[in-house]
Amino acid sequence: EFTQAELNTIIQHIDPIPLSTASLAQVHRATLRDGREVVLKVQHRGVASLMIQDMDNLQSILQIVARFEPDADFGPVIKEYNREVRKELDFRQEARNMEQIRNLLQNANVKAIVPRAIPDLVKERVMAMDFCPGFSIRDLNQLDHHNVDRDLLLKRVCQAWAVQMHVAGVFNADPHSGNILVSTDYHHHHQTDSPSSEKPDPSVPVLLDFGLTKRLDPNIKLAFARLMHASYETDVDAMIQSFDEMGLKMNRYDPFEDMAAMQRSFGSTVPQSQAKQVSKQKYAQYKERMKAMRNDQGIKKDQKLRNPVDAWPAELVFFGRVTNMLKGLCSRLEVQHPYLQTMALAARKTLRESIPLDQQATQVIYPSSEKQIQTRLQARLVEAIKDLDKNNEMVGLQLCVIQNGTQVANIAAGCLGTADSRPVTPETLFNIFSVGKAFLTIGILRLLQEGKIELDEPVAKYWPAFGAAGKSKVTV
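The sequence shown lines up with residues 109 to 584 when you count with my numbering.
Structure representation (structure tokens):
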């Protein structure tokens, strides 16, 4: 990749003993002529052709398996993986990935280090990047020795992937705990993140290896963001919408079971010391679910259950890999992290920004509300609602007060949801399930007590419009 003259001009020394070796490449420490310490990532000779041949062979094997076992048809998945993994072979693309994700994390205020590539030392099969001193995140002794806050460290790691997946739709899709270090370069932290007067921060992750970086289609990114946020908010309707958007097709309609499955999959992590007990409980619950499903499908104990999924998006394989790695890492480090919450908060930003600007709420109180009624109560309520919004204690509301037949307050304020930035208007309809029945019943009973209505009289006598479309004889 380089001529000897280029190497002599730029590089002073290369350590012949690699820092680490993987299937695709190995990395060596090196020193540049200007004194900078760097890492050289060098691709193994001939590995590109071997990898492509292996992927083609795997695709052929899975096609044969799918003929005999249709439920094991992973063709779309391996096709997607095959397309993405070839990008790993070009280190110039990896350098661009690193630059994009480093800027992304910086703009999102996520404290994590992504090494910088050295522009003059980036070729198709060789790349030089900053040397970032640190130790493996899996080294429990070093974590304790450096007084690392494990909760804070894992929070930053999970936030880094949440922003990649759900804000940018560009993420490291081949995560491995071996490619996450804990930085020991405290001077670097001060330069990039905080004033020099602050104390050293020993809990900053270093994220490595962005060869396999997945870029989601904007619609798929929005669908996965909606799935995460819906699971966190237990919003069944939004979850079903996300299934449709991403192409996840179920062959049975059981949205509440689907919601429970999502919350189990993406819920809080379990520390390793508690994993055995929790695993027993989950297995018992799993057997109960399987028993119920067999009863529903009329299947005997020794018969195979029907797969509830007819089709699923190929991107799900990368999504699953990230989830398994992050949750597994939290467990190993004895950290109980609210994984779903972290993902949902990043997803919420994407969902809110997906609303066109001309449809987003521009102020807390819907404009017609403040001008409609001029009473002391209205003015007090407007100020109270603004305080609620300022303290982040409300999402959206409608409020109406009628005294002696006259409206003394009528306000619409806020947004339609935590992830829906459209305004609540006086015409907005809210699903309040059966709450309205209670108020209606109380109101009717009071009118009866006061002798203002009779049970055997037509409703249309009191409410003429109700008598339309053949309902004139319906009684109270």
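Just so it is clear, CB atoms sit at the ideal spot from N, CA and C, and this is done for glycine as well.
Can you list, in chain order, the residues of its chain whose CB lies under 7 Å from that of residue i, leaving out five sequence neighbours each side?
i	result
GLN208	VAL278
LEU489	LEU507, ALA517 and ILE519
GLN267	VAL218 and THR450
VAL503	GLY522, CYS523, GLY525 and THR526
ARG456	HIS337, THR526 and ALA527
PRO126	GLN134, VAL135 and HIS136
LEU213	ALA220, VAL222, ALA268 and VAL271
GLU565	THR583 and VAL584
Apart from the five residues just before and just after residue i, which ones in its own chain have a Cβ nearer than 8 Å to its Cβ?
i	result
GLY375	TYR447 and LEU448
ILE463	ASP528, SER529 and ARG530
ALA452	MET336, HIS337, SER339, TYR340 and GLU341
LEU553	none
Between residue i and residue j, how many whole angstroms is the CB-CB distance? I'm expecting something under 8 Å.
i	j	result
VAL386	GLN444	The pair is not a contact, with the Cβ atoms about 11 Å apart (cut-off 8 Å).
LEU335	MET347	6 Å
LEU434	VAL230	That pair is no contact at about 29 Å.
LYS149	PHE199	7 Å
ILE221	LEU315	7 Å
ILE245	PRO310	In fact, because the Cβ distance is near 12 Å, the residues do not count as touching under 8 Å.
MET237	VAL155	Their Cβ separation, rounded to whole angstroms, is 19 Å, which puts MET237 and VAL155 out of contact at 8 Å.
MET367	SER339	7 Å
ASN280	THR342	ASN280 to THR342, Cβ: 29 Å. No contact.
ARG258	GLU109	About 40 Å separates the two Cβ atoms, so there is no contact after all.
ASN205	PHE332	Rounded, the Cβ-Cβ distance is 19 Å, inconsistent with contact.
LEU261	VAL290	7 Å
LEU132	GLU196	6 Å
In the DSSP assignment, the beta strand (DSSP E) including residue i goes from what residue to what residue?
i	result
PHE588	Residue 588 lies beyond the stretch modelled for the chain, which goes from 109 to 584, so this question has no answer here.
ASP228	225-230
LYS149	145-151
HIS121	119-122
ASP198	ASP198 -> no beta strand (DSSP E), and no H or E assigned at all.
MET237	234-238
VAL582	No beta strand (DSSP E) holds VAL582; DSSP gives it neither H nor E.
SER291	288-291
VAL256	Looking at the DSSP string, VAL256 is not in any beta strand (DSSP E), and its letter there is neither H nor E.
PRO313	313-315
Give every residue of the same chain whose Cβ lies closer than 6 Å to the Cβ of residue i, excluding the five residues on either side of it in the sequence, and list them in chain order.
i	result
ALA454	ALA270, VAL271, HIS274 and VAL275
LEU437	SER285
HIS121	THR139
VAL534	A quick correction: the sequence has Pro, not Val, at residue 534. ALA520, listed in sequence order.
LEU555	ILE561
VAL509	VAL516 and ALA517
VAL601	In the structure as shown, the chain starts at 109 and stops at 584, and residue 601 therefore has no counterpart that could be examined.
Can you look up residue i in the DSSP assignment and give me helix, strand or coil?
i	result
LYS384	helix
MET159	helix
HIS274	helix
ARG136	The sequence given here has His at residue 136, not Arg. It is a strand residue.
ASN211	helix
GLY559	coil
ILE172	helix
PRO475	helix
ALA281	coil
ASP466	helix
ASP142	coil
ASP418	strand
Answer yes or no: does any C-beta atom of chain B fall closer than 8 Å to that of residue i?
i	result
SER373	The chain inventory of the structure shown lacks chain B, comprising one protein chain alone.
Where does the unbroken alpha helix (DSSP H) through residue i begin, and where does it stop?
i	result
SER244	From DSSP, SER244 is part of no alpha helix (DSSP H) but of the beta strand (DSSP E) over 242-244.
LEU434	424-440
LEU489	484-498
MET451	447-461
ASP252	248-253
Subject >> Sequence ranges, alpha helix (DSSP H) only - wholly within the stretch 320-365, length at least 4 >> reply: Runs of the alpha helix (DSSP H) inside the stretch 320-365: 326-341 and 344-354.
**OP:** Counting only runs of 4+ residues fully inside the stretch 505-568, write out the alpha helix (DSSP H) ranges in chain order.
**Re:** For the stretch 505-568, the continuous alpha helix (DSSP H) assignments of 4+ residues that do not extend past its boundaries occur at 543-557, in sequence order.
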